[in-house]
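Asks:
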Amino acid sequence: MHTSENTQTTPTSSKEKISIGIVFSTTGPYAGIAQELQNGALLALSEVNADPQFDFQLDPVILDPGGDLEAYQAISRKLLKQGGLKHVVGCYTSSSRKEVIPVFEKYDGLLWYPSHYEGFEHCNNVIYTGASPNQHMVPLMSHMLQHFGNRAYCVGSDYIWGWESNRIMRECVTEHGARDFWERYVPVGSVEVDKIIDEIVQSRPSYIFSSLIGVSSEAFMRAMQAARQANPELTCNVMPVCSHTLSEPELARLAPDAADGHIASSVYFQSTPGECNARFIAGYRARYGADMVTSANSEAAYNTTHLLARALQKAGTQELDAVKSALYDVRFDAPQGRIWIDPGNNHCFLTPALAVSNTSGQFDIFHTCDAPMRPDPYLVDFDAHRLGDAPSPDERAAQ
Amino acid sequence: MKRRGLPNFRNVRALIVHPPGDNSAVLTAQLGRLGLCTESIWPADNVSPEGYDVIFFDADRGYDQQFGWERGQAPIPLIALMGSEAPGRIEWTLGQMPSAYLVKPLQPTGIFSALVVAFHDFEVRTRLMRKVEDLNARLRARPTVVAAITLVQSCMTIDSQAAYDLLRSEAMRLQVSVEFLCEQIETTGSLTPLKTLAESGTNPNSPNKRLGAGASANRTGGS
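Those sequence lines, one after another, are chains A and B.
Read left to right, the first sequence gives residues 1 to 399 (this note's numbering).
Read left to right, the second sequence gives residues 400 to 622 (this note's numbering).
1. Name the residues in the stretch 286-316 of chain A whose C-beta lies less than 9 Å from a C-beta of chain B; which are they?
2. Can you grab the Cα-Cα spacing for the pair residue 418 (chain B) / residue 441 (chain B), in whole Å?
3. Suppose contacts are defined by Cβ-Cβ distances below 8 Å. Is residue 80 (chain A) in contact with residue 61 (chain A) by that definition?
4. What residues in the stretch 505-537 of chain B have a beta carbon less than 7 Å from any beta carbon of chain A?
5. Roughly how far, in whole angstroms, is the beta-carbon of residue 637 (chain B) from the beta-carbon of residue 548 (chain B), given that I think they are within contact range, below 8 Å?
6. With C-beta atoms as the reference, is residue 59 (chain A) less than 8 Å away from residue 20 (chain A)?
7. By how many angstroms is the C-alpha of residue 458 (chain B) removed from the C-alpha of residue 471 (chain B)?
8. Using the three-state DSSP reduction, which class does residue 97 (chain A) fall into: helix, strand or coil?
9. In terms of residue numbering, what span does the beta strand (DSSP E) encompassing residue 221 (chain A) cover?
10. DSSP three-state call for residue 475 (chain B): helix, strand or coil?
11. May I ask you to list, following chain order, the residues of the stretch 112-126 of chain A that have a beta carbon less than 8 Å from some beta carbon of chain B?
12. Under 8 Å between beta-carbons, which chain B residues line up against residue 381 (chain A)? List them in chain order, please.
13. Would residue 92 (chain A) and residue 347 (chain A) be called neighbours here (beta carbons separated by less than 8 Å)?
14. How many Å lie between residue 159 (chain A) and residue 187 (chain A) at the Cα?
15. So, helix, strand or coil for residue 441 (chain B), using DSSP?
16. Where does residue 491 (chain B) fall in DSSP's three states?
17. Using three-state DSSP, classify residue 402 (chain A) as helix, strand or coil.
18. With residue 307 (chain A) and residue 327 (chain A) assumed to form a contact (beta carbons below 8 Å), what rounded beta-carbon distance in angstroms separates them?
19. Where does residue 589 (chain B) sit, in a helix, a strand or coil, going by DSSP?
20. Would you mind telling me which residues of chain A sit closer than 9 Å to residue 429 (chain B), beta carbon to beta carbon, in chain order?
21. Sort A:181, A:88, A:252 and A:264 by Cα distance to residue 222 (chain A) and report the nearest one.
22. Do residue 444 (chain B) and residue 465 (chain B) have their C-beta atoms closer together than 8 Å?
23. Can you have a look at residue 385 (chain A) and say buried or exposed, based on whether 16 or more other CB atoms are within 10 angstroms of its CB?
24. Using only the alpha-carbon positions, how far apart do residue 317 (chain A) and residue 97 (chain A) sit?
25. Restricting to Cα atoms, I'd like to know which of A:261, A:364, A:183 and A:208 is closest to residue 273 (chain A).
26. Looking at chain B, which residues of the stretch 148-169 of chain A have a Cβ within less than 9 Å of any of its Cβ atoms?
27. Please list, in chain order, the chain B residues whose beta carbon lies closer than 8 Å to that of residue 345 (chain A).
28. Do you know offhand how far residue 354 (chain A)'s Cα is from residue 367 (chain A)'s?
29. With distances taken from CA atoms, which of A:246, A:82, A:115 and A:228 is nearest residue 238 (chain A)?
30. For the alpha helix (DSSP H) containing residue 60 (chain A), list its first residue and its last residue.
31. Quick check: the Cα distance between residue 171 (chain A) and residue 486 (chain B), rounded to an integer number of angstroms?
32. So, for residue 153 (chain A): in the same chain, excluding its five sequence neighbours on each side, which residues have a beta-carbon less than 6 Å away from its beta-carbon?
33. What first and last residue would you give for the beta strand (DSSP E) that runs through residue 276 (chain A)?
34. Taking the alpha helix (DSSP H) that residue 71 (chain A) belongs to, which residues open and close that run?
35. With a cut-off of 8 Å, do at least 3 Cβ pairs link the stretch 257-271 of chain A to the stretch 288-295 of chain A?
36. When you compare the CB of residue 405 (chain B) with every CB in chain A, is at least one pair closer than 8 Å?
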């Protein structure tokens, strides 16, 4: 467990201080992603503290569980029971979220969870601001089915995110008559992907669906690029990699060649047009470095913290019920566009988009939903058989 | 066993037989999130399953007359909402043969899995019950089958296994159950049903009549 003071965001004014827990594993196996999340949260926090419309200053209590599940419980208990905090922005993996929920229920705290996840959860002590499966999986499946076919090769990191994403993909392509389906897993942190690449080259699927995270994803993308060079007919146009996880910081490490031509589904891309996003990118670079890129992770944590501040301001108290009912009236102009929380399920209205990556490590967006999409964490309104029928609104203009 | 697809409860109709309060409110809200249409009733008497796909019931205050069916014979899946762990209450609850259980105080977590488990359990149970009925019917018909085997043996001078094999293959050919064929043979005391059944099988006016002739006869045989 690591504790740190963030001098840049420690409030100095005479306004009331409200302590907010910031809990991300900025060390350990998924440190890179956690750092993006923490960066987004702290950027928003500094904006709130500099904004005269708020009657308070947010005081971050930053704790790093180091990717250790047991540390998550201990840290949450420390913040809520000993520290008396009510609100915590934190967690990336579902297993860490599941681990801390009982603590938040016991001490009546609110977890502001900023990551996209596999859905199928509702807890009154959690606000889910990341994308639900209907906002990240469904648009991607629909596009791949309509444009590339049903022979999906699924490769994922060996934990619930990969398992559940592949399960939905399997149901979907099976419904559309797929006879071939591949489902392969790589342990979190492993870079052993050669056998998988060999199998892909041999079996020639319609597309590869990746829910790999971290170093595994990068190793896979590099190996896939090498395989394409050895087999020039396997271009990204013929057999693309698609993902609902791929983001800019990862592409930056893959650029130029291995970054090119992948299809991604996300509610945020750095290339999203608009003033709010331009401000977000400028703020992010000013704070963390001119060469830094923003991502769906940093945006989600940024949004979460702004939503929290606005709900606190509206409620005039930290009490959960008051903050939640105030939150339901908050509309926030996020970098991706306007967002708000669905009072029915505490998940977030977000705007799904599809993009194709390029050699500069950015995404060219080729489809954006007309309006923010209602979150459907239990996929109640999902019909696999309808996915392939709908006329496609998008064109792969970038390719 | 066939794997179920994505569990989806959109427009599934649930009845909650439980007094109003926090537990009912949590349940109703979560069922709404899962896409179910929900009605609540309390007090309840002689509840009909008509118009519902699943029933949640209070295990703490429930009693047999609440339900319009024989104890343990619910025609749709039941999910017990248990608070008390008094042995008498657990015993009564078990008597209703619920397909899943939820422990009070209810929270949103667990309700989705309880629904998935309940529908799965009810489907498996229904299939097993049908199988048991079928096997029982065949067991009851056993003396008849033995009598027919004996008759075939004596008429054709073959051993009992050969006689049974013959009856089975004839039954399959005629698309009737072994038990039904044996019943016909035993009733007539001869092997003529082998011939008459074959003839009537070609009669378009009565091809299926014999299949509905009795509980033991409506499924073709197979060991």
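The C-beta atom is built at its ideal place from N, Cα and C for all residues, glycine as well.
These figures come from a predicted structure and were not determined experimentally.
Replies: On the basis of the supplied data:
1. none
2. Looking up residue 418 (chain B) in the second sequence gives position 19. Looking up residue 441 (chain B) in the second sequence gives position 42. Near 5 Å, if we compare the C-alpha coordinates of residue 441 (chain B) and residue 418 (chain B).
3. Along the first sequence, one-based indexing puts residue 80 (chain A) at 80. Along the first sequence, one-based indexing puts residue 61 (chain A) at 61. For residue 80 (chain A) and residue 61 (chain A), no; Cβs fall outside 8 Å.
4. 507, 508 and 511
5. Outside the modelled stretch of chain B, which goes from 400 to 622, sits residue 637 (chain B), for which no answer is possible.
6. For the purposes of this step, residue 59 (chain A) is taken as the residue at position 59 of the first sequence. For the purposes of this step, residue 20 (chain A) is taken as the residue at position 20 of the first sequence. It is a contact, given that the beta carbons lie within the stated cut-off.
7. As a working note, residue 471 (chain B) is residue 72 in the second sequence. As a working note, residue 458 (chain B) is residue 59 in the second sequence. Whole-angstrom Cα-Cα distance: 14 Å.
8. If you number the first sequence from 1, residue 97 (chain A) lands on position 97. Of the three classes helix, strand and coil, the one that applies to residue 97 (chain A) here is helix, per DSSP.
9. The residue given as residue 221 (chain A) occupies position 221 in the first sequence. Here residue 221 (chain A) belongs to no beta strand (DSSP E); instead the alpha helix (DSSP H) covers 214-230.
10. Within the second sequence, residue 475 (chain B) is the residue found at index 76, counting from 1. Of the three classes helix, strand and coil, the one that applies to residue 475 (chain B) here is coil, per DSSP.
11. 120, 121, 122, 123 and 124
12. Numbered from 1 along the first sequence, position 381 holds the residue referred to as residue 381 (chain A). Result: 409 and 434.
13. Along the first sequence, one-based indexing puts residue 92 (chain A) at 92. Along the first sequence, one-based indexing puts residue 347 (chain A) at 347. No, Cβ-Cβ distance for residue 92 (chain A) and residue 347 (chain A) is not below 8 Å.
14. The sequence position of residue 159 (chain A) within the first sequence is 159, counting from 1. The sequence position of residue 187 (chain A) within the first sequence is 187, counting from 1. One C-alpha to the other measures close to 8 Å.
15. For the purposes of this step, residue 441 (chain B) is identified with residue 42 of the second sequence, where counting begins at 1. Here residue 441 (chain B) sits in coil by DSSP.
16. The residue you call residue 491 (chain B) lines up with position 92 of the second sequence. It is helical.
17. No answer is possible for residue 402 (chain A): it lies beyond the span of chain A, which begins at 1 and ends at 399.
18. Looking up residue 307 (chain A) in the first sequence gives position 307. Looking up residue 327 (chain A) in the first sequence gives position 327. Indeed, because the Cβ distance is near 6 Å, the residues count as touching under 8 Å.
19. As a working mapping, residue 589 (chain B) is identified with position 190 in the second sequence. Three-state DSSP puts residue 589 (chain B) in coil, outside helix and strand.
20. Here residue 429 (chain B) refers to the residue found at position 30 of the second sequence. 122, listed in chain order.
21. Along the first sequence, read from residue 1 onward, the residue named residue 222 (chain A) stands at position 222. It is A:252 whose Cα lies nearest to the Cα of residue 222 (chain A).
22. Along the second sequence, read from residue 1 onward, the residue named residue 444 (chain B) stands at position 45. Along the second sequence, read from residue 1 onward, the residue named residue 465 (chain B) stands at position 66. Yes, the pair counts as a contact, with Cβ atoms nearer than the cut-off.
23. Here residue 385 (chain A) corresponds to residue number 385 of the first sequence, with the count starting at 1. Classification of residue 385 (chain A): exposed, given that the 10 Å Cβ count is below 16.
24. Taking the first residue of the first sequence as position 1, residue 317 (chain A) is located at position 317. Taking the first residue of the first sequence as position 1, residue 97 (chain A) is located at position 97. If I take the Cα positions, the gap works out to 25 Å.
25. Within the first sequence, numbered from 1, the residue matching residue 273 (chain A) stands at position 273. Out of A:261, A:364, A:183 and A:208, A:364 has the C-alpha closest to the C-alpha of residue 273 (chain A).
26. 167 and 168
27. Taking the first residue of the first sequence as position 1, residue 345 (chain A) is located at position 345. The contacting residues are 432.
28. For the purposes of this step, residue 354 (chain A) is taken as residue 354 along the first sequence, with counting starting at 1. For the purposes of this step, residue 367 (chain A) is taken as residue 367 along the first sequence, with counting starting at 1. C-alpha separation (whole angstroms): 5 Å.
29. Residue mapping note: residue 238 (chain A) aligns to position 238 of the first sequence, counting from 1. The option with the nearest alpha carbon to residue 238 (chain A) is A:228.
30. Residue numbering aside, residue 60 (chain A) sits at position 60 when the first sequence is read from its first letter. Per DSSP, residue 60 (chain A) belongs to no alpha helix (DSSP H); it is in the beta strand (DSSP E), 56-64.
31. Here residue 171 (chain A) is taken as the residue at index 171 of the first sequence, counted from 1. Here residue 486 (chain B) is taken as the residue at index 87 of the second sequence, counted from 1. Their Cα atoms are separated by approximately 43 Å.
32. For this step, residue 153 (chain A) is matched to residue 153 along the first sequence. Closer than 6 Å at the Cβ level, and outside the excluded window around residue 153 (chain A), lie 182, 200, 205 and 208.
33. To locate residue 276 (chain A), count along the first sequence from 1; it is residue 276. Counting along the chain, residue 276 (chain A) falls outside any beta strand (DSSP E), though it belongs to the alpha helix (DSSP H) covering 275-288.
34. Position 71 of the first sequence, counted from the first residue, corresponds to residue 71 (chain A). From DSSP, the alpha helix (DSSP H) with residue 71 (chain A) extends over 69-77.
35. yes
36. Taking the second sequence and counting its residues from 1, the one referred to as residue 405 (chain B) is at position 6. With 8 Å as the cut-off, residue 405 (chain B) counts as an interface residue toward chain A.
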